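Residue numbers (the working numbering), protein chains in the order written: chain A, 73 to 723; chain B, 1218 to 1527.
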């Protein structure tokens, strides 16, 4: 509560000053004026008295001087000495000889005596010395006899001189007294004025300070302040208005809070709705992904099988088309499912340290032909750098970027490069460094206004008719989300007509002992001649497709729709070389358990792998724990083939 | 013939009138100034002259300044009232007779000295002050108990000393004298005189008796209980016991008589005269204070009769 107090004090001080200062001025002025007048009066009285005394003395001593009557003069002098302020009296004859002197004369040198009265003042002893010539008094004689012979104006006859010394001591003392009195009166007046000012000020200051405190409290947000409105309060009206204002403020605040509450509730509902919507969408997509994958998986395999059979050229062409369509469809489905998973944050990130070159090789393999077809050069610069990232996601990202680059370039080419970036304060070459992966293209470039838009779903520049052969427009969206997930921010540099450069940085890693890559052995088509494969798949169509596919490869396969059926297969003494099982099996069976059961049944560690449409991280973990490879549906025949090869040959 | 006579007569009358206007004035009265005393005297003179048969047309009044600045005149007689007039008139070296009046003897003597004139029928005076005899007689009549008469001689009145002594010897036992050298050394001689005198007779001397000294002299004499006999009414008013004097009127009247004489063809007196009529004034307060009772009228009459008896 310091501020209002300080403010009120200054107002109080000001009020005091407003009352006190004029009083001081007026009182001082009056005192000064009247004191000075008084002093002047006293001075004048003193001088008049001294003059009168000496004149009277001069007149009285005329006859005494004329008759040289010292006795008479003595009487006069002594009488004069009795007067107050008189120090000494001296009566001199016309020649200047002292006839009579009384009192203690203080002057050392007699002043010049003339026919006019004179006065000298000795400042050190505050003594006035007055001399008065004693002139023979003149009688009016209007007589002819007086004017003969013609004389000059009658010179006054000086009979003698009177010297009187007056002391100003009493006068000065009186003066000091008067001054003191004046000062005391002034002081008393001022004190009284101050007292009155304080008293009066109280009546004004208290209401002001009350109002000030109230305002401060209102300012701090406390609207419950309410001061009583007193009848004798000079700020009565102000106080009443203040109370009213506080009440209104409180009401409006409550009202506001109420509205905020309502709005917040509404908002929360909407948010919940939205979340629910997203959740349902995600669930929908998840369900759809699982359901869609199965038939797509089967379709792919059936078509592959169909392609292996002999046809007439027309049919072959048609089958080719169907295959292409199936591929596109699978791609689209992959893309859609990828984006939905990324959106739902359902993608697990598995960090590993691997050389970037492996991904680069796959890029080359994947896109070399495409580039050649379009008459563009594709340069994927080799690099010996190792990185720490998710290989699958990274691969996906680079594939999308290069695919886009090739798609939107008509002349020139695409360059994929890897650069070192010195950054980070952590010491060591390998530790703090990052590498930047860049994808350059000399394509049509991206206009600045599209730099943000290209990363949105289904956005494609220049595909208004939504030609599906050009993709869904999800590629960059996936790239962005994937990189965000990995924590490698994407940078885009592009100018319309000059090409684009997509780049992102990832942490460099120390090279880890390289795992020997499985040797690539070229084998004939019917390489699995006579191999026995046990298929466990609950979906009949998928099972049939798989069986057909494997048969085309020369495998002798048996299918089971569930764990029990599989066991039944084994009872007849049939020992499989490989087990391919679906993860989710009917009657709550888990593919891993079934495999384990089968293995125990056979007493052999038969190579096995799992298939699943679900991308559950727990599933992946379980598979890893069981040392079983997990394939994602829809399974590419080529992929399946390579895995089968790997499993059979590694056994 | 008659015409010529008439013309001659009218011419003669004209000349006579002109003459009378310009030079026909017989008497010119010159006053020193227009103060009341002179006016009184002149008025009394004129009235008396008229009464005596001298028409007013024969007279003219002038002040001394006017007389000085006026052109030459040819009156029968000029009356100079006061010392200034006398001096002015005397300085013009008049061919006509001049009568000086309203001036004391000492002043007349002063005028004579100054202008080199001589007292004669052509240049005479009627003194304003009283003769010594009269004053002494007054003292004797008023204060018969007085044996010693005191007098203060000043530088101007010293000349009368021997005459006074002679005159006073008849009336008084002794004469107490005091000689005053100048105004400042007044007290000592005064004291000396008052110590032994019974009365102090004041004789006109400006050095001794003037406006500034009279107060102290009177005080001193009063303290000494010695009455002062003054020589003018002003002194009586100031505090002198009594004085014998002539008023300007009286003087004017006496002058008129003398003028009449001259106008009739006579001459002025060869020796200056003293006034013949006089008054006596008594200060009753002072008289009472001194324990005396004097009657002014009685004294005047007695003095007159004493004089006439002589």
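By construction, the Cβ of each residue, glycine as well, lies at the ideal position given by its N, Cα and C atoms. All values derive from a computational prediction rather than experimental measurement.
When beta bridges are read from the DSSP output, residue 205 (chain A) appears opposite A:233. The C-beta of residue 1496 (chain B) comes no closer than 8 Å to any C-beta of chain A. In this structure, residue 562 (chain A) places its C-beta atom within 8 Å of the C-beta atom of residue 552 (chain A).
Within chain A, no residue has its beta carbon less than 8 Å from that of residue 1278 (chain B); the closest one is some 18 Å off. Look at residue 179 (chain A) here: in three-state DSSP terms it is coil, with no helix or strand label. Not flagged as an interface residue toward chain A: residue 1347 (chain B), since no C-beta distance is shorter than 8 Å.
With fewer than three CB-CB distances shorter than 8 Å, the stretch 167 to 176 of chain A does not count as touching the stretch 1457 to 1468 of chain B. Measuring C-alpha to C-alpha distances from residue 1281 (chain B) to each of B:1272, B:1305, B:1260, B:1262 identifies B:1305 as the nearest. Measuring C-alpha to C-alpha distances from residue 1377 (chain B) to each of B:1350, B:1225, B:1389, B:1399 identifies B:1350 as the nearest.
In the structure shown, residue 506 (chain A) adopts extended strand secondary structure according to DSSP, grouped into three states. When C-alpha distances from residue 704 (chain A) are compared across A:152, A:682, A:696, A:191, the shortest belongs to A:682. By the rule that beta-carbons nearer than 8 Å mark a contact, residue 102 (chain A) does not touch chain B.
For residue 565 (chain A), same chain residues with a beta-carbon under 6 Å away, outside a window of 5 residues either side, are 573 in chain order. Taking all protein chains in view, the Cβ of residue 150 (chain A) is surrounded by fewer than 16 other Cβ atoms within 10 Å, so the residue is classified as exposed. When the beta-carbon positions are compared, residue 1452 (chain B) and residue 1348 (chain B) stay at least 8 Å from each other. Chain A has no Cβ within less than 8 Å of the Cβ of residue 1500 (chain B). Interface with chain B (8 Å Cβ-Cβ cutoff): residue 135 (chain A) is included.
Within the stretch 125 to 159 of chain A, contact with chain B at the beta-carbon level (separation under 8 Å) is assigned to 134, 135, 138, 139, 140. Taken atom to atom, the span from the alpha-carbon of residue 189 (chain A) to that of residue 203 (chain A) is near 5 Å. With respect to chain A, the C-beta atom of residue 1340 (chain B) has no partner C-beta closer than 8 Å.
Here residue 449 (chain A) is exposed: its Cβ has fewer than 16 other Cβ atoms, across all protein chains shown, within 10 Å. Residue environment for residue 646 (chain A): exposed (fewer than 16 other C-beta atoms within 10 angstroms of its C-beta). Contact between residue 206 (chain A) and residue 231 (chain A) is confirmed by a C-beta separation of about 5 Å, below the 8 Å threshold. Within the stretch 1397 to 1421 of chain B, the beta strand (DSSP E) runs of at least 3 residues that lie entirely inside it are, in chain order, 1416 to 1418.
Identification of chain A residues near residue 1400 (chain B) by a Cβ-Cβ cut-off of 9 Å yields 208, 229, ordered along the chain. DSSP, reduced to helix, strand and coil, places residue 1346 (chain B) outside both helices and strands of the structure shown, so it counts as coil. Residue A:201 holds the alpha-carbon nearest to the alpha-carbon of residue 160 (chain A) among A:201, A:142, A:132, A:195. In the three-state scheme derived from DSSP, where H, G and I count as helix and E and B as strand, residue 1313 (chain B) is classed as coil. Taking a contact as a CB-CB distance under 8 Å, the pair residue 213 (chain A) and residue 1428 (chain B) counts as one, their CB atoms being some 5 Å apart.
Considering only beta carbons, the part of the stretch 182 to 213 of chain A lying closer than 9 Å to chain B consists of 207, 208, 209, 210, 211, 212, 213, in chain order.
Near chain A, meaning a CB-to-CB distance below 7 Å, the residues of the stretch 1425 to 1439 of chain B are 1427, 1428, 1429, 1430, 1431, 1432, 1433, 1436, 1437.
Residues of the stretch 1400 to 1418 of chain B whose Cβ lies closer than 9 Å to any Cβ of chain A, in chain order: 1400, 1401, 1403, 1404, 1405, 1407, 1408.
DSSP, read as helix, strand or coil, puts residue 645 (chain A) in coil. The continuous stretches of alpha helix (DSSP H) do not include residue 423 (chain A), and DSSP gives it neither H nor E. DSSP places residue 1524 (chain B) outside any beta strand (DSSP E); the residue lies instead in the alpha helix (DSSP H), whose first and last residues are 1513 to 1526. In the DSSP assignment, residue 1255 (chain B) falls within the alpha helix (DSSP H) that extends over 1253 to 1269.
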